[in-house]
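What follows is one structure encoded as structure tokens, with my remarks underneath.
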Amino acid sequence: MEAVNVFRHFEQALRLRSTHIPRVKNLNVGLFTSLVTIFFFLLSRSAFAQPSDFSQESAAAILKTLVLDIGPRPMGSPAEQRALDFAVEKFRAYGCDSSFVMPMTVAEGVNTKSGVAVGVKKGKTGRIIVIGGHIDSSGPDVPGANDDGSGAACVIELARVLCQRESESTIYFCCWGGEEQGLEGSKFFVDHFDRIDSVALMLQIDMADGAGDLQADPDGSRASAPSWLVSTTFELFYDDVKSEGLVYPTEAATLNLASGGSWGSDHIPFIDKGIPAIDFTSDPAYPIHTPQDNWENFTPTGLKRSGDLVLRLFERYDRGVPSRSTESYQLIQLGSHLIFLPYSLLWAFIALAVVIAVVAFVIARRRRLAVDPAARVRWSRFKLFVAAFVIQTFIWISETIVGSIVGYRFPWVNNQAGYAILGTLGGLIGLWLVLRAMRRFRLSEDAYAYVPIAMGALFIATVLSSLVTPELGIFLAASLLFFSFALIIHDRVLKLILLAGSFLVAFNLLFFDGLELFQRLYTANRMSRWWQEALVHVVFISASGVLSLPFMHAFAAVYRSSSTDFFWLKKFRSVAGIVLTLIVFVAVSVYLAFQPSYDRKWFNDVRVEHEYKPGLDTSAIVIRGSEYFDGLSGSINGRDTTLSGRINLVELPTIGHADNDWLRLTRTGPRENISDSVWQLDRVLELHSRFRPLRVDVVYESSEPFEIESEWAHGPKLREPSKRESDKRKVFRWYSFPDTLLTIPITFTLRDSQQVSEFVEVVFDSVNYPINLKREFTNVGFRTTITATDTFAMSH
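For the sequence shown, my numbering begins at 48 and goes up steadily by one.
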């Protein structure tokens, strides 16, 4: 009505002034008024008839259903199926022309019951835009609020908004299953969707928490989204969405691309298919893949931020995209400005760095000092090698010292920045010891003595990394180039700046944005033997020492070539230097000792593991923890129990079974002789489980090759070496929570007298024993593993 009143007032005003407006050919005031009225009417339909924009409250309600009502949703689980059905119901209720679950029964050889929830809103054309987010979570204990219930909630809410509008493009709203197991749902869609060639654009939301930055990921496993899509994304985010904090983490993205997109999202299969696609991911410094990825730790404002951005992108490209292609480039972000470096420029830069390095090497060699062989200092490189490991040792043990005081194996979980400072101070203590030792074990005064190691290592690293991808190679090339210039120029200030640049480029690549997530996930390990932890420390110290060697030699070369005491090292090696460093080290240690290592976002883990074999009257329970058990309490077999001490492994005495019929196996199989030397066996294995198991593995092995046929898929790509399939090993896997009755018919083709071993492993996410443990900021998980074996052979 407001729009109608506007039209009437506007028309009246024009008529009052009509006597003053002359006719222009055949266009009179009435026609002009009608045209203006039509224009405002069309505008009013856009302004008043359109539904409201993306609703944070509506998306949050959807997310609550996924997280609180349905719960953890690992691939293939009944919970994932309920989530997929819920998404389909929502798509239907919001007005999609069709909605359905695209079933997926096999994922990389793993038998499952997963799929993709699809809602289709038809447009005026057959051009398709896909809007996606994965609906599964990473495990049976992980609610998956952020990763990626939030993305799925955004997709469903976008369906509500866009289904009330007319569009040129046909929209496919997709909630992928199986993303956490290797992008299975999206790969299945791309491989089996019969209209995949009509898809012009794919927009993915994988994590939409609002507490930190939003990351744009336009990279696939081999190429990237076209630059026009990335540029438009940043333009719309800052100009239309009016938000802040959209970032492209160049170093992390480069490492991800170099690894073939190993930690990317569901947009990757589309990019690999040549379809423009981009993913939006909230800050990875969030407890994803843990039980703390829950509603309580989620910040809902990110739902609207991500939803609005995808909505604006859809509106921009609803009428078509500039091109249906992908590109290869290095993307660098400077504030809100983007720089796209084509591969040709990257290769040119790498080539320039290599040439300059060769020139610098020749110049450094010509500048060698003429030293009497009798007075030459020997073993300088070996001394630096030892120095590197001394410094790294002090860096790594600094956290161990504080951990031993506060009683934690991983005291840094909740304060990584503080422990990074502590590690730096520990490194300075190691450096002080090295500098003092070098007064006796002198190093060569000749800068060239250090050039071959520094230059050679950086040169080799540049070449090898460039062969993986020039986006990775350019980092090492830049480090090599800066070092080369620092070596040959004479200005001391520029030497220092270039040397710092060489270190900084490599440092940023090694300590990329998102590394803290991997560090925190590492703390879930439950190693309990002292030698295991010692071995891990040796590995980390050794790796860090090797990585630091080129830069220590580079520093020594530039230091010797400048005749300047960079960073006042000679003054630092005084007694005052170590006293001041120790005071700061102790102060920081005391401060960190009073900081909480765990909180409501970051928990430590305890796992209760129950293992037994059918038919036996005994079994064993093992309790393992990522942290020491001090303060862990509860009941074990009806007795109140409190664990104490700095232990993280408890093996309970062998116990009897009150009830061990969780699994029953039956085997049948008639034999058939095909020829004198070949047998065919039709064997049927039945697994009867009291509850749905989390996972089932059935492995057949023989010392000779053999063949099998089955209606079930086999040959999954598993990490466990003992379960990787070969011509002598056949592997079946079901994940997750398959039916309580599994009937597995298999036809074996075997040689005469060939023996085959059968290994059955069934894992449940609970234990058949009365045990309950708890402690503040501690996740307690349960697993029961039942194993059974059998052997059969064919012979006359």
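Glycine is no exception: its CB is placed at the ideal position from the N, C-alpha and C atoms. Please read all numbers here as calculations on a predicted model, not as lab measurements.
- The stretch 426–435 makes contact with the stretch 489–503; the number of CB pairs closer than 8 Å reaches 3 or more.
- Pro-323 is positioned such that its CB atom lies no closer than 8 Å to that of Ala-263.
- Asn-303 has its alpha-carbon roughly 6 Å from the corresponding atom of Trp-310.
- In this chain, the alpha helix (DSSP H) harbouring Ile-442 covers 427–453.
- A distance below 6 Å between beta-carbons, with the five flanking residues on each side excluded, links Ala-258 to the following residues of its chain, in chain order: Thr-346.
- The C-alpha of Val-165 lies about 47 Å from the C-alpha of Gln-579.
- Comparing alpha-carbon positions, the option among Pro-785, Pro-517, Cys-222 lying closest to Leu-378 turns out to be Pro-517.
- Secondary structure note for Tyr-638: its alpha helix (DSSP H) is the uninterrupted segment 622–640.
- Arg-269 and Pro-316 have their C-alpha atoms some 10 Å from each other.
- In the DSSP assignment, Lys-777 is bridged to Tyr-747.
- Annotation note: the stretch 370–429 contains the following uninterrupted alpha helix (DSSP H) runs of length 4 or greater, listed N- to C-terminal: 390–413.
- The DSSP assignment places 297–305, 315–319, 348–364 as complete runs of the alpha helix (DSSP H) inside the stretch 280–368, in order along the chain (cut-off: 4 residues).
- In the three-state reduction of the DSSP assignment, Gly-716 falls in the coil class.
- C-alpha of Val-405 to C-alpha of Leu-534: approximately 12 Å in a straight line.
- Around the beta carbon of Trp-426, fewer than 16 other beta carbons lie within 10 angstroms, which makes this residue exposed.
- Cβ atoms of Asp-330 and Asp-253 stay farther apart than 8 Å, at about 12 Å.
- Each of Pro-817, Thr-825, His-735, Gln-801 was checked against the Cα of Glu-808, and the nearest Cα belongs to His-735.
- For the pair Gly-828 and Asp-188, the CB atoms are nearer than the 8 Å cut-off.
- Contact between Phe-650 and Thr-337 is confirmed by a C-beta separation of about 7 Å, below the 8 Å threshold.
- About 38 Å separates the beta carbon of Gly-229 from that of Phe-436, a gap too long to meet the 8 Å contact definition.
- A contact between stretches requires three or more CB pairs, one per stretch, nearer than 8 Å, and the stretch 668–684 meets this requirement with the stretch 567–586.
- Here Leu-480 carries a helix assignment [DSSP, helix/strand/coil].
- From the listed residues Asn-555, Phe-558, Leu-627, Gly-548, the smallest Cα separation to Ala-601 is found for Gly-548.
- Within the DSSP bridge table, the entry for Trp-459 names no partner.
- Sixteen is the threshold: when 16 or more other Cβ atoms of the shown chains lie within 10 Å of the Cβ of Arg-456, as they do, the residue is buried.
- Ile-178 is the residue among Ile-178, Lys-171, Pro-125 whose C-alpha sits nearest the C-alpha of Phe-138.
- Residue pairing by DSSP places Asp-266 opposite Ser-271 in a beta bridge.
- Each of Lys-169, Arg-718, Pro-334 was checked against the Cα of Ser-145, and the nearest Cα belongs to Lys-169.
- Under the three-state reduction of DSSP output, Gly-662 falls in the coil class, being neither helix nor strand.
- About 7 Å separates the beta carbons of Met-122 and Glu-231, which is inside the 8 Å limit, making them a contact pair.
- Of the residues Ala-305, Arg-363, Arg-415, Gln-439, the one whose Cα lies closest to the Cα of Val-585 is Gln-439.
- For Val-810, the enclosing beta strand (DSSP E) begins and ends at 802–811.
- Taken through DSSP and simplified to helix, strand or coil, Tyr-466 comes out as helix.
- Spatial neighbours of Ser-445 in its own chain (CB-CB distance under 6 Å, excluding positions within 5 residues in sequence) are listed in chain order as Leu-469, Gly-470, Gly-473.
- Going by DSSP, Arg-830 is part of the beta strand (DSSP E) stretching over 825–840.
- When only Cα atoms are considered, Val-637 and Ala-464 end up about 15 Å apart.
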